[in-house]
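Visitor: Got a structure here, written out as structure tokens. Questions coming.
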Amino acid sequence: MTASGGMESGQSALWEPHYHHDVIATRTLGFWLYMLSDAMIFAGLFAAYGVLSHTYNAAGGPVLHALVHPWTAYAETLSVFASVLAYGGVMVALKRGSREGVLAGLVAAFLLGALFVGLEVHEFAALFRMGIYPEGSGYLSAFFALVMTHGIHMAFGLLWMATMFFQVAAQGLTDKTVYRLLNLKLFWHFQAILWVLVYTFVDMRGVL
Amino acid sequence: MVNVQGPWSPIFGRLSLGAIPDNPIIAGAFIFSVVLGILVLAYLTYADRWGYLWREWLTTVDHKKIGVMYIIIGLVMLFRGFIDALMMRTQQVLADGAHSPGFLGAAHGYLVPYHFDQIYSAHGTIMILFAATPILVGLMNVVVPLQIGARDMAFPYLNALGLWLTAVGAALIMLSLFLGDFSHAGWVGLTPLTELAYSPGVGTDYWMWAIQISSVGTTLGAANLIATIIKMRAPGMTWGRLPIFTWTALSTNIIALTSFPLLGVALGLLGLDRYFGTHFFTAGMGGNLMLYSDLFWMWGHPEVYFVILPAFGMMSEIIPTFSEKPLFGYVTMVAASFAIAGVSWSVWLHHFFTMGAGPRVNTFFSIATMVVGIPTGVKVFNWAFTIYRGRSRFETPMMWAIGALFMLLVGGLTGMMLAMPPVNYSVHNSVFVVAHFHTMLMVVVYGILGAVTYWFPKVFGFRLNEPLGKRFFWTFTIGTIMVFIPMYTSGFMGMTRRLDYLTNPALFPFEVAEELGIGFYLVSVYYFVRQLYVSLRDRNANRVGADAWGSARTLEWLAPSPVPFYNFAVTPRVHARDELVWRRGQGLDGVAPTHYEDIPMPRNTSVPLVIGAFALGLGFGLVWRIWWLTDASFIAIILTVIARSFVRDTDYVVKAGEVERIEKNLRQRAAEVARAGAAAGGIDVLRPRESSP
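Sequence order for the protein chains is Y and Z. Numbered continuously in this note's numbering, the first sequence closes out at residue 209. Numbered continuously in this note's numbering, the second sequence closes out at residue 1270.
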């Protein structure tokens, strides 16, 4: 970094030729910052859920234990964790520089993630069939908003994964695809952590 | 999806010819806008400037140009917000007492209550979110990369996207003037008044989506500025040497990044209520309307410090330059900025002490609010000690900075009064509160106007006219005093806020004084426009060198004025907190690099503008419930983002020879400027004014 930082010419110490910033590190920091803002969205939703999850907010309608199915949620937990593990496979393949390994890992992570979203859609469809909608009460509004926001994040993660599959297939492992794969790793782990919170404060609380 | 009152069609949604208001005032504003628009379009066509506009501005990713466009949006909206203020003052001076006359269908004054309500709602929303915020974001955009010796922001493409999303928000607000109406529920959007049952029209939707879309832009911009400050600093720019404005930009963007998502949640949940019939903030069915107030102000109070911290940073740059002395208490200034940013998170409840949260809760928030006074006091004394025994020069930026200091004294002390719940109970919802937060926001406005004057030559290469700037300052200041001192007084006398009709004739003299004050403001707007015009006309006489003020201190003044698109031909190495003073002291401020090198730069792109256009479609469709438009726009945005991610050719290289040629021209021009300046007997912009401390 101080290739020309010597004082021998007096003025070369004033300027720093060939000075470059680490692009991937900057992109990764930027994505951490985005996740901080996303975490604040969930903080707001959890706060709303905390405020609106009292019996009187249900306005006589159903409360948590009628809404959650711990075993389905457990299966969702397993699928999201297995998906994160599969994405770990993407990272291992990336380190080896194996494009095929990355693509295979992306397919596995996508399918397991899709299983999660499918299970959640199935769960909500069952609630709708029973006539339980977000419009029912403040309680239901907060419940659906929190769980669905997480679900929508998962669905966007899947879209991102599909995009990355085609991008890596078409362009290989370039600077741009690599930082995107790294950021997707952060995003996917982050959604898994958020699911742990949702599972703890929504599903498990519903069983107790 | 809830059913709304009135007609709805699949193609036009709620939009119909009846949406065009038939009010003569709005018709006047419409004609004014159309004439202005036609003049601009005609000029662009006549002067054949469309290609220039597209290449140099609309598709640019240059942080300086994006910053300038942010500031232009902010200034236009500032003018719009000012017209709203003028209308409110005029209504209150006319509608005073039972015998006051009525015009244009109003029983008193000339505005019917529903129209008056929209005006104060628009005034607040515009001034905070579409005037102060864009101008500050714009100034940070222009100055921060230069101050830290970077070529551009960390994410230039994201930067342009943030700008165009902000522009969409501003465009939606302007559209609401001519198509439909605006929210009548205050800029804070009081629930359950903003619920569909009480606000069935499109006004609340305009307010909600304008803020929502532009705040996505602000959040992206915040992440960008933080990443820029952390990752893009030049070698030697350690944390201990970071200029104070950059420090305040960092603290303020940490606030923005963490608080704007909460606004998104508050408005998003309100949107679910209004579009899907959920019950987050409804009265009944298990809703909780205090949840909205809490979520809104959990963003709203940090937002207040989001706008004031950069203003503190601007004052901290201007005052040392015109005192020709280093800033007093650099470390305490940084600590105070972050203390203010931190405490900003624990004071939101003071906006509704009277809601009856109980003495313990009120006490906590009361003490937390008073704690803000400590770091702010530190800052005030630091500025005062910087001026003390300095070689003070009262050029226009310094006038604005000192004006801001006085505003901060008045606003801060009345803020301490309001921090006490017993006082707050008696003046809550009075115009005393309105006068307090306007004095605080005047700190921001004075800071902004000072900063625009201060950094203008850096971006454009010539200074603004000094005598007209002084006239602008004094008429503006007289206006401020004449509007807000009577407002404090009438607030203490019990006048509540948001009144379209005043029952107490004793308040009439205060209203007259405030109306006169608004007249001074109007004159000041004239001087501002005239200052811009005269400065532009006489720009060749006012050209400056790299250091436009002859006593500037920080790194941005090392780059040529106007700054070339790559900022610094070779990245500078930083040796001191006030790098320019250090180089001047060593006699090195005129030393240019001997070797040039290839510079990689981001390519222009129209993608942010395209996404902005789709976002406008999305917002407009949501307001008018035109579902095909919202769906199409939403899908188009996602597809555009994906398509852009496949583009590999996003950068290009400026060859070393080209850089050398540009730099040579710039140096030649700077030498001419210096000669012309010396010949005219003006200040010699290249003469060192002090030695290194």
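The beta-carbon is built from N, C-alpha and C at its ideal position, and this holds for glycine as well. If you're wondering where the values come from, they're calculated on a predicted model, not measured in any experiment.
Classify Gln-582 (chain Z): buried if its beta carbon has 16 or more other beta carbons within 10 angstroms, exposed otherwise.
Guide: By one-based count along the second sequence, residue 582 (chain Z) stands at place 5. With a threshold of 16 other beta carbon atoms within 10 Å, Gln-582 (chain Z) falls short and is exposed.
Visitor: Would you list, in chain order, the members of the segment 1209 to 1231 of chain Z that have their beta-carbon closer than 7 Å to a beta-carbon of chain Y?
Guide: Going along the segment 1209 to 1231 of chain Z in chain order, one finds Ile-1219, Ser-1222, Phe-1223 and Arg-1225 with a Cβ nearer than 7 Å to chain Y.
Visitor: Going by CA-CA distance only, name the one from Z:Ser-1112, Z:Asp-850, Z:Ser-836 and Z:Ala-800 that's closest to Glu-136 (chain Y).
Guide: Residue numbering aside, residue 136 (chain Y) sits at position 135 when the first sequence is read from its first letter. Ranking Z:Ser-1112, Z:Asp-850, Z:Ser-836 and Z:Ala-800 by Cα distance to Glu-136 (chain Y) puts Z:Asp-850 first.
Visitor: For Pro-1170 (chain Z), return the contacting residues in chain Y, with the cut-off set at a CB-CB distance below 7 Å.
Guide: Your numbering for residue 1170 (chain Z) matches position 593 in the second sequence. Chain Y residues near Pro-1170 (chain Z): Trp-16.
Visitor: In three-state DSSP terms, what is Asp-599 (chain Z)?
Guide: Taking the first residue of the second sequence as 1, we reach residue 599 (chain Z) at position 22. When DSSP states are grouped into helix, strand and coil, Asp-599 (chain Z) belongs to the coil group.
Visitor: Using a Cβ-Cβ cut-off of less than 7 Å, list which residues of the segment 129 to 141 of chain Y approach chain Z; keep chain order.
Guide: So the close ones are Pro-135, Glu-136, Ser-138, Gly-139 and Tyr-140.
Visitor: Opposite Phe-1039 (chain Z) in the DSSP bridges: which residues?
Guide: Residue numbering aside, residue 1039 (chain Z) sits at position 462 when the second sequence is read from its first letter. Its beta-bridge partners are Z:Arg-1120.
Visitor: Taking the C-alpha atoms as reference points, what is the distance between Gly-186 (chain Y) and Leu-655 (chain Z)?
Guide: As a position in the first sequence, residue 186 (chain Y) is number 185, starting the count at 1. As a position in the second sequence, residue 655 (chain Z) is number 78, starting the count at 1. Looking at the sequence shown, residue 186 (chain Y) is not Gly but Lys. Going by the C-alpha atoms only, they are around 43 Å apart.
Visitor: If the cut is a Cβ gap below 7 Å, which residues of chain Z does Gln-168 (chain Y) touch?
Guide: On the first sequence, position 167 is the one that residue 168 (chain Y) refers to. Ordered by position in chain Z, the residues that pass the 7 Å Cβ test against Gln-168 (chain Y) are Ser-1222 and Phe-1223.
Visitor: Would you mind sorting Ile-790 (chain Z) into buried or exposed? The rule is 16 or more other CB atoms within 10 Å of its CB.
Guide: Mapped onto the second sequence, residue 790 (chain Z) falls at position 213. Result: buried.
Visitor: Please state the DSSP three-state secondary structure of Ile-588 (chain Z).
Guide: Start at 1 with the first residue of the second sequence, and residue 588 (chain Z) comes out as number 11. DSSP places Ile-588 (chain Z) in coil when its eight states are reduced to three.
Visitor: Counting Cβ pairs, one atom from each stretch, are 3 or more of them under 8 Å apart for the segment 859 to 866 of chain Z and the segment 49 to 57 of chain Y?
Guide: yes
Visitor: Quick one: list the residues of chain Y neighbouring Lys-808 (chain Z), beta-carbon separation under 8 Å, in chain order.
Guide: By one-based count along the second sequence, residue 808 (chain Z) stands at place 231. Residues of chain Y passing the Cβ test: His-22, Asp-23, Ala-26, Thr-27 and Leu-30.
Visitor: Determine the extent of the alpha helix (DSSP H) in which Val-842 (chain Z) is found, giving its start and end residues.
Guide: Indexing the second sequence from 1 puts residue 842 (chain Z) at position 265. That run of the alpha helix (DSSP H) goes 821 to 853.
Visitor: Cβ atoms of Thr-931 (chain Z) and His-1005 (chain Z): under 8 Å apart, would you say?
Guide: Walking along the second sequence from the start, residue 1005 (chain Z) turns up at place 428. Walking along the second sequence from the start, residue 931 (chain Z) turns up at place 354. Their beta carbons are under 8 Å apart, which means His-1005 (chain Z) touches Thr-931 (chain Z) by this criterion.
Visitor: Can you name, in chain order, every residue of its own chain whose Cβ lies under 7 Å from the Cβ of Glu-77 (chain Y), other than the five neighbours on each side?
Guide: Here residue 77 (chain Y) corresponds to residue number 76 of the first sequence, with the count starting at 1. Excluding residues within five positions, the ones whose Cβ falls inside 7 Å are Phe-117, Leu-120 and Glu-121.
Visitor: Going by DSSP, name the residue or residues bridged to Trp-16 (chain Y).
Guide: Numbered from 1 along the first sequence, position 15 holds the residue referred to as residue 16 (chain Y). DSSP, once it has assigned bridges, lists Z:Pro-1149 as partnering Trp-16 (chain Y).
Visitor: For Tyr-869 (chain Z), is the classification buried or exposed, using 16 other Cβ atoms within 10 angstroms of its Cβ as the cut-off for buried?
Guide: As a first step, residue 869 (chain Z) is located in the second sequence; it is residue number 292 there, counting from the start. The residue in question, Tyr-869 (chain Z), is buried, as its Cβ has 16 or more Cβ neighbours within 10 Å.
Visitor: Quick one: what's Ile-1176 (chain Z) bridged to in DSSP?
Guide: Mapped onto the second sequence, residue 1176 (chain Z) falls at position 599. Its beta-bridge partners are Z:Val-1231.
Visitor: Hey, Gly-1350 (chain Z) and Leu-671 (chain Z) are a contact pair by Cβ (cut 8 Å); roughly how many whole angstroms apart?
Guide: With chain Z covering 578 to 1270 only, the question about residue 1350 (chain Z) has no answer from this structure.
Visitor: Assuming Trp-1201 (chain Z) contacts Val-779 (chain Z) under a Cβ cut-off of 8 Å, what Cβ separation, rounded to an integer in Å, is found between them?
Guide: Sequence index remark: in the second sequence, residue 1201 (chain Z) carries index 624 (1-based). Sequence index remark: in the second sequence, residue 779 (chain Z) carries index 202 (1-based). Rounded, the Cβ-Cβ distance is 6 Å, consistent with contact.
Visitor: Assuming Met-717 (chain Z) and Ala-826 (chain Z) make a contact with CB atoms under 8 Å, what is their CB distance in whole Å?
Guide: Residue mapping note: residue 717 (chain Z) aligns to position 140 of the second sequence, counting from 1. Residue mapping note: residue 826 (chain Z) aligns to position 249 of the second sequence, counting from 1. 5 Å between Cβ atoms; contact.
Visitor: Is the Cβ-Cβ distance between Leu-886 (chain Z) and Ala-918 (chain Z) less than 8 Å?
Guide: Taking the second sequence and counting its residues from 1, one reaches residue 886 (chain Z) at position 309. Taking the second sequence and counting its residues from 1, one reaches residue 918 (chain Z) at position 341. In this structure, Ala-918 (chain Z) lies closer than 8 Å to Leu-886 (chain Z) by Cβ.
Visitor: Looking at the structure shown, is Ser-753 (chain Z) part of a helix, part of a strand, or coil, going by DSSP?
Guide: The sequence position of residue 753 (chain Z) within the second sequence is 176, counting from 1. Reduced to three states, the DSSP call for Ser-753 (chain Z) is helix.
Visitor: Taking 6 Å as the limit between beta carbons, can you name the residues of its chain near Thr-1073 (chain Z), skipping five residues before and five after?
Guide: For the purposes of this step, residue 1073 (chain Z) is taken as the residue at position 496 of the second sequence. Hits under 6 Å: Asn-1006 and Ser-1007.
Visitor: From His-70 (chain Y) to Ala-126 (chain Y), what distance separates their C-alpha atoms?
Guide: Walking along the first sequence from the start, residue 70 (chain Y) turns up at place 69. Walking along the first sequence from the start, residue 126 (chain Y) turns up at place 125. Near 13 Å, if we compare the C-alpha coordinates of Ala-126 (chain Y) and His-70 (chain Y).
Visitor: Compare the Cα-Cα distances from Ala-49 (chain Y) to each of Y:Gln-172, Y:Ala-146 and Y:Arg-28 and report the closest residue.
Guide: For the purposes of this step, residue 49 (chain Y) is identified with residue 48 of the first sequence, where counting begins at 1. Minimum Cα distance to Ala-49 (chain Y) is reached at Y:Ala-146.
Visitor: Looking only at C-alpha atoms, which of Z:Gly-1194, Z:Ser-1101, Z:Trp-1032 and Z:Ile-1219 sits nearest to Trp-1134 (chain Z)?
Guide: Residue 1134 (chain Z) sits at position 557 when you count from the first residue of the second sequence. Considering only alpha carbons, the answer is Z:Trp-1032.
Visitor: I'd like the ranges of any alpha helix (DSSP H) spanning at least 4 consecutive residues and lying wholly in the segment 1081 to 1115 of chain Z.
Guide: 1085 to 1114
Visitor: Ignore the nearest five residues each way along the sequence and tell me which others in Ala-744 (chain Z)'s own chain have a CB closer than 7 Å to its CB.
Guide: Against the second sequence, residue 744 (chain Z) aligns to sequence position 167. Around Ala-744 (chain Z): Ile-650 and Gly-1189.
Visitor: Compare the C-alpha of Val-719 (chain Z) against each of Z:Thr-1080, Z:Ser-943, Z:Met-1070 and Z:Gly-644 and name the closest.
Guide: By one-based count along the second sequence, residue 719 (chain Z) stands at place 142. Among Z:Thr-1080, Z:Ser-943, Z:Met-1070 and Z:Gly-644, the Cα nearest to that of Val-719 (chain Z) belongs to Z:Gly-644.
Visitor: Would Ile-153 (chain Y) be called buried (16 or more neighbouring beta carbons within 10 Å of its own) or exposed?
Guide: Translated into positions along the first sequence, residue 153 (chain Y) becomes position 152. Ile-153 (chain Y) should be labelled exposed.
Visitor: Which residues bound the alpha helix (DSSP H) around Arg-657 (chain Z)?
Guide: Taking the first residue of the second sequence as 1, we reach residue 657 (chain Z) at position 80. Looking at the DSSP string, the run of the alpha helix (DSSP H) that includes Arg-657 (chain Z) is 640 to 671.
Visitor: How is Gly-679 (chain Z) classed by DSSP in three states: helix, strand or coil?
Guide: Here the question's residue 679 (chain Z) lines up with position 102 in the second sequence. Gly-679 (chain Z): strand per DSSP, three-state reduction.
Visitor: Please state whether the Cβ-Cβ distance between Gly-906 (chain Z) and Thr-953 (chain Z) is less than 8 Å.
Guide: Position 329 of the second sequence, counting from 1, holds the residue named residue 906 (chain Z). Position 376 of the second sequence, counting from 1, holds the residue named residue 953 (chain Z). Taking 8 Å as the Cβ cut-off, Gly-906 (chain Z) and Thr-953 (chain Z) do not qualify as a contacting pair.
Visitor: I'd like the list of long-range same chain contacts for Met-997 (chain Z), defined as Cβ closer than 7 Å, with 5 residues on each side in sequence excluded.
Guide: Here residue 997 (chain Z) refers to the residue found at position 420 of the second sequence. Counting only Cβ-Cβ distances below 7 Å, and skipping sequence neighbours, we find Ser-943.
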